[in-house]
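Numbering-wise (our numbering), the sequence shown opens with residue 56 and increments by one.
Ideal placement from N, C-alpha and C gives every residue a C-beta, glycine not left out.
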Amino acid sequence: MNELWARLRQRPGPAVLMFVASLFANILGLASSLYVIQVLKRYVSYGVDATLATLTVGVILAIVFEFGFRWSRMKLAAVVSGRPDHELGIGAFGILATAQLGDLNKLAPGERREAVSSVEQVESGFSAPNLTALFDLPFSIIYVGAIYLFSPMLAGIVLAFLIFVATVGVLNQMAVRPFTRKLAEHQSVGHGLIGTTSTAAESVRAFGAAQKLIGDWSANLTAVQSLRRSLARRQGVVQSMTQSAQGLMGAAVIGVGATLVVKGELDVSMMIGANLLAARALQPITRFAQLSEALVKSRQALDRVRGLSALSVERGEGAALREYSGALELRDVSFTPPGAPGPLFEELTVKIEPGQVVALVGRNGAGKTTLMRMMAGLIGPDRGQILADGVDLRQIVPGWWRKQLVYLPQEPTFFNTTIRDNLKMLNPDLSDEALEALLERSGAARFVHETPNGLDTRITGDGLTLARGVRRRLAVARAMASGGRVVLFDEPTEGMDDEGVRQVYESLIQLARAGRTIVISSHDPQIIKGAQIMVDLDAKPKPTVTSLSKEPAGASKDWGAGARGRPPVKPKAAE
Ligand SMILES: Nc1ncnc2c1ncn2[C@@H]1O[C@H](COP(=O)(O)OP(=O)(O)OP(=O)(O)O)[C@@H](O)[C@H]1O
Numbered sequence: 056m057n058e059l060w061a062r063l064r065q066r067p068g069p070a071v072l073m074f075v076a077s078l079f080a081n082i083l084g085l086a087s088s089l090y091v092i093q094v095l096k097r098y099v100s101y102g103v104d105a106t107l108a109t110l111t112v113g114v115i116l117a118i119v120f121e122f123g124f125r126w127s128r129m130k131l132a133a134v135v136s137g138r139p140d141h142e143l144g145i146g147a148f149g150i151l152a153t154a155q156l157g158d159l160n161k162l163a164p165g166e167r168r169e170a171v172s173s174v175e176q177v178e179s180g181f182s183a184p185n186l187t188a189l190f191d192l193p194f195s196i197i198y199v200g201a202i203y204l205f206s207p208m209l210a211g212i213v214l215a216f217l218i219f220v221a222t223v224g225v226l227n228q229m230a231v232r233p234f235t236r237k238l239a240e241h242q243s244v245g246h247g248l249i250g251t252t253s254t255a256a257e258s259v260r261a262f263g264a265a266q267k268l269i270g271d272w273s274a275n276l277t278a279v280q281s282l283r284r285s286l287a288r289r290q291g292v293v294q295s296m297t298q299s300a301q302g303l304m305g306a307a308v309i310g311v312g313a314t315l316v317v318k319g320e321l322d323v324s325m326m327i328g329a330n331l332l333a334a335r336a337l338q339p340i341t342r343f344a345q346l347s348e349a350l351v352k353s354r355q356a357l358d359r360v361r362g363l364s365a366l367s368v369e370r371g372e373g374a375a376l377r378e379y380s381g382a383l384e385l386r387d388v389s390f391t392p393p394g395a396p397g398p399l400f401e402e403l404t405v406k407i408e409p410g411q412v413v414a415l416v417g418r419n420g421a422g423k424t425t426l427m428r429m430m431a432g433l434i435g436p437d438r439g440q441i442l443a444d445g446v447d448l449r450q451i452v453p454g455w456w457r458k459q460l461v462y463l464p465q466e467p468t469f470f471n472t473t474i475r476d477n478l479k480m481l482n483p484d485l486s487d488e489a490l491e492a493l494l495e496r497s498g499a500a501r502f503v504h505e506t507p508n509g510l511d512t513r514i515t516g517d518g519l520t521l522a523r524g525v526r527r528r529l530a531v532a533r534a535m536a537s538g539g540r541v542v543l544f545d546e547p548t549e550g551m552d553d554e555g556v557r558q559v560y561e562s563l564i565q566l567a568r569a570g571r572t573i574v575i576s577s578h579d580p581q582i583i584k585g586a587q588i589m590v591d592l593d594a595k596p597k598p599t600v601t602s603l604s605k606e607p608a609g610a611s612k613d614w615g616a617g618a619r620g621r622p623p624v625k626p627k628a629a630e
């Protein structure tokens, strides 16, 4: 109901018109009952054809106008719900795209999908026919009022039936709540299973997980179908009860009405008219009772969407430094992954001057990628600060910070659009010539030129179907497209062939010579040799920070020299 009021308050004009249209439609709805009463009273008694014709024309006009009011009300209801539905849908997806990673990761992927697709359930709950049905509810009283004018006793009987059916509706709402909640939970498990089976299609086959997944799917489906059957059964009971109530009410009105007629307290025409009015009065309440499942589902769906809204999103505002030197400082940084028994690292303090090269080392799972993500501003430390030119990243607008980064994630993924669009995401003004130069430098040019449409080739499957080395080369090109001052390369040579490794070294030499601050996580000894500071995350819980060389920034000659038995790389001209 709160959501209904909120929607009506958002569009007060159409809401008031809906109320007025409902009032007129229901007043005109009285016409057919009055017609019956008048025909029985006047025409049957006096047999004047002109009376019958006038009454018939009158009732037809009333029915046409009633239809007109109901039709306009339906259109107004679509206006009332249209914008909130659209905003809810955009908002839910927007939160999915902008929520802070740390928060978003608390929701399982199936739950995220379920929350976004819940928007459809809210939409169908607040659809125009449902909204108009709710608007008819208060007008039941008009019909009871009209019956009261004929016979207070009949009005009392009708009111009792209205209360009974309304109670059935409310009780049904309470009863179906746990079922619909459970159903949503199982649906989110189903979404998760579909996600795994689609994205990990290869592993599913290679490791024989199909039978296990089919088993899980089957168990989940059985639960979903059993819940749906329970809900359908309840719906059937409500339907039968409301239909029986309708029949019983008709019998009661006619039965009691007949005794009143015999006593001379009511005439036959009024008794029949009262019966028609009673049916009209019960109709909206019956509809409300039958809508109980849909109303509960849409309320719970709304809660799920709102749960998504409770996630904190990345700030759209904050400081943007006018001149950024490339200096980066980690001050007393600590992080404990959610649910982990102890910190991944703590009290990490490193001061990185502009143009310095830092190597992050440590065994698998030591926290290198986590620290990279932190420096990219994707997750925040539990304690301590990360500062760019002395300004805490928490005060800096993320959009600006990402443009200062040349960020190569460990497992890069792409958007399902053209290669050009992917490369230009952070820097839309880049020309095709500049993109070609980046592809050349990252070693991805040959792959792009061999595709049927070059830069216009569409990437599919989030880029995960691309050969790993190609994906990484494209990712290096995309990273360098930002032209940022801080390079964050997470395991850049991992999975690369000899040529790819040489190209990574070459890119690093160029970036270093161009004065970029470089942070690289790697197990590659050649890369570590080229660094001036080494952060060892194996030292727990406080990583050790070692100064390796006093060489000026960008002067390292070690990258590539003798790497894996290959001749040293001759650097091209720096940027
Ligand atoms: N948001 C998170 N939720 C739960 N666990 C997390 C989270 N972030 C990091 N971790 C855990 O922290 C540990 C460090 O992971 P991370 O990927 O940073 O290690 P790494 O040093 O990069 O490893 P590798 O060398 O294999 O790439 C892992 O056990 C990971 O599961």
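Between which two residues does the alpha helix (DSSP H) harbouring residue i extend?
i      : result
Tyr203 : 195-205
Ile82  : 67-93
Glu561 : 553-568
Ile583 : 580-584
Phe502 : 500-505
Leu186 : 183-191
Met480 : Met480 -> no alpha helix (DSSP H), and no H or E assigned at all.
Ser497 : 487-497
Run the CB neighbour count on residue i, radius 10 Å, all protein chains shown included, and call it buried at 16 or more, exposed below.
i      : result
Ala608 : At Ala608 the pLDDT is 45, less than 50, meaning the model places this residue with poor confidence; the figure from the coordinates comes in the next sentence. Buried, because 16 or more other Cβ atoms sit within 10 Å of the Cβ of Ala608.
Asp140 : buried
Arg64  : exposed
Ala70  : buried
Pro184 : exposed
Arg619 : Confidence at Arg619 is low in this model, with a pLDDT of 38, below 50, so its placement is unreliable and the value that follows should be read with caution. Looking at its Cβ environment, which holds fewer than 16 other Cβ atoms inside 10 Å, Arg619 is exposed.
Asn330 : buried
Ile340 : buried
Ala132 : buried
Gly68  : exposed
Val624 : Model confidence at Val624 stands at a pLDDT of 37, short of 50, so the residue's coordinates are unreliable and nothing is read from them.
Lys318 : exposed
Please name the residue in the options whose C-alpha comes closest to that of residue i.
i      : options                        : result
Ser353 : Met430, Gly498, Val231, Thr425 : Val231
Arg236 : Phe181, Ser173, Asp553, Gly200 : Ser173
Lys127 : Gly165, Ser77, Leu85           : Before going on, a small fix: residue 127 reads as Ser here, not Lys. The option with the nearest alpha carbon to Ser127 is Ser77.
Ala355 : Thr251, Gln228, Leu463, Ala108 : The sequence shown places Gln at residue 355, rather than the Ala named in the question. Closest by alpha carbon: Gln228.
Ser88  : Leu110, Ser100, Val75          : Leu110
Leu529 : Met73, Phe470, Leu209, Pro598  : Phe470
Met16  : Ala375, Leu433, Gly435, Leu192 : Outside the shown range of the chain (56 to 630) lies residue 16, about which nothing can therefore be said.
Thr391 : Val446, Lys597, Ser367, Asn57  : Lys597
Pro436 : Leu186, Leu399, Ile588         : Leu399
Ala147 : Gln290, Phe544, Lys595, Arg359 : Arg359
Leu332 : Ile309, Lys130, Gly291         : Ile309
Ala265 : Thr252, Glu178, Thr277, Asn275 : Thr252
Gly250 : Trp272, Asn57, Pro233, Ala117  : Trp272
Thr472 : Ile196, Val461, Leu510         : Leu510
Ile573 : Asp579, Gln587, Pro580, Gln581 : Gln587
Using 6 Å as the cut-off, classify the Cβ of residue i as near or not near the heavy atoms of ligand 1, replying yes or no.
i      : result
Gly550 : no
Lys8   : The chain is shown only over 56 to 630; residue 8 falls outside these bounds and no answer can be derived.
Lys423 : yes
Asn471 : no
Pro393 : yes
Leu28  : Any answer about residue 28 is impossible in this case: the structure gives the chain only from 56 up to 630.
Asn419 : yes
Asn160 : yes
What are the boundary residues of the beta strand (DSSP E) that includes residue i?
i      : result
Gln440 : 438-443
Phe124 : Per DSSP, Phe124 belongs to no beta strand (DSSP E); it is in the alpha helix (DSSP H), 104-153.
Met296 : Premise fails: Met296 lies in the alpha helix (DSSP H), 265-318, not in any beta strand (DSSP E).
Ala344 : Premise fails: Ala344 lies in the alpha helix (DSSP H), 323-345, not in any beta strand (DSSP E).
Thr520 : Segment: none, Thr520 is in no beta strand (DSSP E) and carries neither H nor E.
Phe545 : One point to set straight first is that residue 545 is Asp, not Phe, in the sequence displayed. Residues 541-545.
Ala414 : 412-416
Glu175 : Looking at the DSSP string, Glu175 is not in any beta strand (DSSP E); the run it does join, the alpha helix (DSSP H), is 164-180.
Lys406 : 400-407
Glu384 : 383-390
Thr601 : 599-602
Ser258 : Looking at the DSSP string, Ser258 is not in any beta strand (DSSP E); the run it does join, the alpha helix (DSSP H), is 256-261.
Is there a Cβ of chain B sitting closer than 7 Å to that of residue i, yes or no?
i      : result
Tyr203 : Chain labels in this structure do not include chain B; a single protein chain is all it has.
* Asked: So does the region 440-453 actually touch the region 499-518, counting three or more Cβ pairs closer than 8 Å?
  -> no
Taking 8 Å as the threshold, find out whether the region 365-377 comes into contact with the region 217-226 through three or more Cβ pairs. no
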